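Here the structure comes first, spelled out in structure tokens, and everything after it is commentary.
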């Protein structure tokens with residue numbers, strides 16, 4: 032009974048922390064029902080600050096990272112951004128690769144080799160300015176790169192004054208920019224991980240990445256053995272083509288013992304030779320599939336080798352990895368010791384945390400676990416897709432890192448190293464609603480009191496825009512839809528995307544209608560589970576919630592954001608008082624978490640628990656699902672998440688809702704969250720009664 036009682040007390044304590052925060056009435060009722068001893072023993076410790084000790088198994092990490100408490104030699108040093116691109120821009124069309132038959136293995140290698148080499152070249156060339164632009168990504172027969180290029184080539188736009196030079200082929204392109212590079216890093220086709228190691232080295236050393244292949248038509252033959260005969264500055268394979276990383280003895284060029292895995296040894300080499308000495312910028316990481324893609328190019332859309340995504344992270348001298356978050360299997364490297372992938376990922380993330388001023392700077396990680404290729408049931412593993420996403424998110428959040436989630440389907444992105452130089456405005460303000468406006472709409476009486484009557488207010492989370500690739504690829508089809516502006520839409524877009532696709536965020540603000548309002552996507556300025564910032568953390572590191580607030584504040588301020596449209600809790604704990612305090616400091620007009628009571632007000636910040644995802648392509652079916660939930664919920668405020676739905680879908684859903692229930696109103700975000708805030712203030716007794724009945728059985732068990 033003691034164990035059961037302790038479990039109930041601890042669980043209730045977490046619920047109490049949610050309820051107690053900012054609500055004195057809950058505190059009084061909690062004390063009445065449960066007694067002061069329960070409060071003192073279980074709730075108070077959760078409300079106190081505390082530094083967590085790093086677990087013993089992580090002590091080896093701490094020994095060599097203790098001194099690395101600042102970003103190692105990397106100050107963000109992008110040159111000043113100009114109103115117009117001056118001089119000459121070289122363009123190169125990669126679409127000759129888009130129509131190759133990928134059932135032919137030689138074609139598969141050609142696609143990989145050409146794009147990898149060009150992407151690493153582009154990252155180096157565009158580091159100092161927008162000089163090289165690629166055409167490659169296609170979606171629904173639209174060339175996405177051409178779409179953005181044409182938009183900003185218009186008179187008066189950013190690229191309008193630039194002269195354009197077209198490169199004819201890869202050799203011509205490399206020759207054109209030969210002065211920008213110091214040579215080549217050559218990687219091993221037999222050790223898949225070395226392709227990601229090569230991209231890391233390329234950025235650090237100003238090298239282009241080339242796969243070792245002595246066949247007649249390979250780039251290695253054309254660029255290293257013949258043609259310009261570029262010097263090989265770093266070998267990740269022996270010169271005779273045999274593997275340097277063998278999983279035996281010591282890791283080459285280091286004193287570190289082999290892990291027994293060729294994959295992990297390659298990452299050990301990167302850690303010892305580049306990460307520990309501070310040769311990489313640990314503010315930026317890149318989680319993209321390695322050359323294992325060559326074995327399964329058909330597992331997703333053809334461009335999901337995501338090599339075009341590498342350019343930005345090469346430009347910023349970031350680190351690349353493709354490691355499983357699971358400690359109980361390794362689908363792409365079955366010979367490794369159990370959990371080696373995950374342990375290596377955590378070692379890298381802890382190094383990044385230390386080098387990023389002990390987490391004061393968050394690590395921006397592009398990419399997403401390659402679930403269609405590795406690490407899940409899709410690849411012969413034991414874990415589900417979403418579980419893999421959440422486990423990965425749980426790990427990175429514990430080390431103050433977040434995703435810019437280039438997930439499969441729309442994961443490919445090109446030219447981010449080019450667009451990173453796009454000049455943004457200092458601020459993109461948005462107007463909040465006023466009492467007078469709400470009165471004019473009939474929601475408030477002359478005294479400022481709610482007059483909702485039988486109305487049921489609905490807000491849609493217009494997502495998912497937590498990935499630069501998804502935003503760039505869908506803008507031509509979703510944002511540019513002719514029906515946009517005909518109904519209120521809360522566009523939930525991560526401000527972190529301004530690093531890689533600033534032009535997309537700027538364009539949307541420039542072309543927004545009165546019915547387009549912007550909130551932050553999950554979970555603020557980047558995708559992590561905020562509960563993993565709270566102590567105790569799986570990393571053993573100190574609480575990171577205040578650091579998250581400091582990270583998010585300037586980004587919210589620049590983009591005029593005051594709502595976080597969705598908080599994904601995943602496998603993490605729900606937000607405690609410290610977590611809620613953090614969000615109230617930068618998202619004061621509302622948040623929508625998962626692991627929270629249905630309704631809550633914290634320091635004047637309205638909180639509504641997330642409800643259903645509604646994604647049926649048939650508007651009638653979607654509307655029926657909304658009505659079902661509205662009828663089942665005890666409050667007249669309703670939130671539903673939608674993924675990549677176009678404005679015409681929302682217009683049709685709104686129409687169907689009116690047919691099914693005329694009392695349902697789809698409203699704009701400021702109206703919804705301001706009225707919800709007033710509702711919570713006017714109905715605190717209602718809110719208390721709603722939860723008292725649910726909590727009473729738990730309180731009674733505490734006396735067992």
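Numbering (the numbering used here), first residue to last: 32 to 735.
In this text, a Cβ means the ideal position worked out from N, Cα and C, and glycines have one as well.
Everything numeric in this text was worked out from a predicted model, so none of it was measured.
**Message:** Pop quiz: residue 574 and residue 609 are said to be a contact at Cβ under 8 angstroms. What is the actual Cβ separation, rounded to whole angstroms?
**Reply:** In the chain shown, the residue the question calls residue 574 occupies position 543. In the chain shown, the residue the question calls residue 609 occupies position 578. With a Cβ gap of about 6 angstroms, residue 574 and residue 609 count as contacting.
**Asked** Between the C-alpha atoms of residue 166 and residue 668, what's the straight-line distance to the nearest angstrom?
**Response** The sequence position of residue 166 within the chain shown is 135, counting from 1. The sequence position of residue 668 within the chain shown is 637, counting from 1. If I take the Cα positions, the gap works out to 45 angstroms.
**Item:** Minimum C-alpha distance to residue 439 - residue among 369, 523, 489, 333
**Value:** If you number the chain shown from 1, residue 439 lands on position 408. For residue 439, the nearest C-alpha among the options comes from 333.
**Message:** Taking the alpha carbon of residue 352 as the reference point, which residue from 364, 370, 379 has its own alpha carbon closest?
**Reply:** Mapped onto the chain shown, residue 352 falls at position 321. The residue with the shortest Cα to Cα distance from residue 352 is 379.
**Asked** When burial is assigned at 16 or more other CB atoms within 10 Å of the CB, is residue 50 buried or exposed?
**Response** Numbered from its first residue, the chain shown carries residue 50 at position 19. With a pLDDT of 42 at residue 50, under the threshold of 50, the modelled position of that residue is not reliable, and the figure given next carries that caveat. Its Cβ being crowded by 16 or more others within 10 Å, residue 50 is buried.
**Asked** In three-state DSSP terms, what is residue 733?
**Response** Your numbering for residue 733 matches position 702 in the chain shown. Note that residue 733 has pLDDT 42, beneath the 50 cutoff, so the model's placement of it is unreliable and the number below is only indicative. Three-state DSSP puts residue 733 in coil, outside helix and strand.
**Item:** At least 3 beta-carbon pairs within less than 8 angstroms: the stretch 561 to 569 vs the stretch 209 to 221
**Value:** no
**Request:** Under 6 angstroms Cβ to Cβ from residue 474, same chain only, skipping five residues before and after it: list those, please.
**Result:** One-based indexing of the chain shown puts residue 474 at position 443. The answer, listed in chain order, is 706.
**Message:** Which residue marks the beginning of the beta strand (DSSP E) containing residue 461, and which one marks its end?
**Reply:** As a working mapping, residue 461 is identified with position 430 in the chain shown. Note, residue 461: premise wrong, no beta strand (DSSP E); not H, not E.
**Request:** With DSSP collapsed to three states, give me the class of residue 170.
**Result:** Position 139 of the chain shown, counted from the first residue, corresponds to residue 170. Residue 170: strand per DSSP, three-state reduction.
**Asked** So residue 428 is in the alpha helix (DSSP H); what residue range does that whole segment cover?
**Response** Mapped onto the chain shown, residue 428 falls at position 397. Residues 416 to 428.
**Prompt:** Under the DSSP definition of a beta bridge, which residues are partnered with residue 196?
**Reply:** Position 165 of the chain shown, counted from the start, is the residue given in the question as residue 196. Residue 196 pairs with 121.
**Message:** With distance defined between alpha-carbon atoms, name the residue in 577, 244, 569 nearest to residue 430.
**Reply:** Within the chain shown, the letter at position 399 stands for residue 430. Closest by alpha carbon: 569.
**Asked** Does DSSP put residue 578 in a helix, in a strand, or in coil?
**Response** Indexing the chain shown from 1 puts residue 578 at position 547. Residue state, collapsed to three classes: helix.
**Message:** Counting C-beta neighbours from all protein chains within 10 Å, is the total for residue 130 16 or more, i.e. buried, or is it exposed?
**Reply:** For this step, residue 130 is matched to residue 99 along the chain shown. Classification of residue 130: exposed, given that the 10 Å Cβ count is below 16.
**Request:** Identify whether residue 402 lies in helix, strand or coil by the three-state DSSP scheme.
**Result:** Locating residue 402 in the chain shown gives position 371, counting from the first residue. The answer is coil: DSSP assigns residue 402 none of H, G, I, E or B.
**Prompt:** Would DSSP call residue 696 helix, strand or coil?
**Reply:** Stepping through the chain shown from its first residue, residue 696 is reached at position 665. The answer is strand: DSSP assigns residue 696 an E or B state.
**Request:** Taking the CB atoms as reference points, tell me whether residue 364 and residue 436 lie closer together than 9 angstroms.
**Result:** Counting from 1 along the chain shown, the entry for residue 364 is found at position 333. Counting from 1 along the chain shown, the entry for residue 436 is found at position 405. In this structure, residue 436 does not lie closer than 9 angstroms to residue 364 by Cβ.
**Where the beta strand (DSSP E) containing residue 242 begins and where it ends** = Position 211 of the chain shown holds residue 242. It spans 238 to 242 - the beta strand (DSSP E) in which residue 242 sits, taken as one unbroken run.
**Prompt:** Alpha carbon to alpha carbon, what distance is there between residue 631 and residue 715?
**Reply:** Position 684 of the chain shown holds residue 715. Position 600 of the chain shown holds residue 631. Whole-angstrom Cα-Cα distance: 9 angstroms.
**Prompt:** From residue 531 to residue 343, what distance separates their C-alpha atoms?
**Reply:** Mapped onto the chain shown, residue 531 falls at position 500. Mapped onto the chain shown, residue 343 falls at position 312. Each residue's Cα considered, the two are about 7 angstroms apart.
**Message:** Let me check one thing: in DSSP terms, what residues is residue 344 bridge-paired to?
**Reply:** Here the question's residue 344 lines up with position 313 in the chain shown. According to DSSP, which records beta bridges pairwise, residue 344 is partnered with nothing at all.
**Asked** Where does the unbroken alpha helix (DSSP H) through residue 669 begin, and where does it stop?
**Response** If you number the chain shown from 1, residue 669 lands on position 638. Careful: residue 669 lies outside any alpha helix (DSSP H), inside the beta strand (DSSP E) at 668 to 674.
**Asked** Under three-state DSSP, which class holds residue 235?
**Response** For this step, residue 235 is matched to residue 204 along the chain shown. DSSP places residue 235 in helix when its eight states are reduced to three.
**Asked** Quick one: is residue 279 buried, meaning 16 or more other Cβ sit within 10 Å of its Cβ, or exposed?
**Response** Taking the chain shown and counting its residues from 1, one reaches residue 279 at position 248. By the 10 Å Cβ count, residue 279 comes out exposed.
**Request:** Could you give the DSSP three-state label for residue 288: helix, strand or coil?
**Result:** Mapped onto the chain shown, residue 288 falls at position 257. Three-state DSSP puts residue 288 in a strand.
**Message:** I need the boundaries of the alpha helix (DSSP H) containing residue 352, first residue and last residue.
**Reply:** For the purposes of this step, residue 352 is identified with residue 321 of the chain shown, where counting begins at 1. Where residue 352 is concerned, there is no enclosing alpha helix (DSSP H), although the beta strand (DSSP E) it sits in stretches over 350 to 352.
**Prompt:** Beta-carbon separation of residue 670 and residue 650 under 9 angstroms?
**Reply:** Along the chain shown, read from residue 1 onward, the residue named residue 670 stands at position 639. Along the chain shown, read from residue 1 onward, the residue named residue 650 stands at position 619. Cβ distance not < 9 angstroms, so residue 670 and residue 650 don't count as in contact.
**Neighbourhood of residue 591 by C-beta distance below 6 angstroms, restricted to the same chain and skipping five residues each side** = Position 560 of the chain shown, counted from the first residue, corresponds to residue 591. The residues are 459, 460, 461.
**Item:** For residue 367 and residue 292, believed in contact at Cβ under 8 angstroms, the rounded distance
**Value:** For this step, residue 292 is matched to residue 261 along the chain shown. For this step, residue 367 is matched to residue 336 along the chain shown. Contact holds; Cβ gap of about 4 angstroms.
**Request:** Compute the Euclidean distance between the alpha carbons of residue 189 and residue 588, then round it to the nearest angstrom.
**Result:** Counting from 1 along the chain shown, the entry for residue 189 is found at position 158. Counting from 1 along the chain shown, the entry for residue 588 is found at position 557. One C-alpha to the other measures close to 24 angstroms.
**Own chain partners of residue 16 with C-beta closer than 6 angstroms, once the 5 adjacent residues on each side are dropped** = Lying outside 32 to 735, the shown extent of the chain, residue 16 is not represented and no answer is given.
**Message:** Please give me, in chain order, every unbroken run of the alpha helix (DSSP H) with length at least 4 that falls completely inside the stretch 543 to 629.
**Reply:** 576 to 590, 608 to 617
**Asked** How would you call residue 191, buried or exposed, if buried means at least 16 neighbouring beta carbons within 10 angstroms?
**Response** Counted from its first residue, the chain shown places residue 191 at position 160. Result: exposed.
**Prompt:** From residue 697 to residue 547, what does the alpha carbon distance come to, in whole angstroms?
**Reply:** The residue you call residue 697 lines up with position 666 of the chain shown. The residue you call residue 547 lines up with position 516 of the chain shown. Each residue's Cα considered, the two are about 13 angstroms apart.
**Per DSSP, the bridge partner or partners of residue 255** = Sequence index remark: in the chain shown, residue 255 carries index 224 (1-based). Residue 255 pairs with nothing; no bridge assigned.
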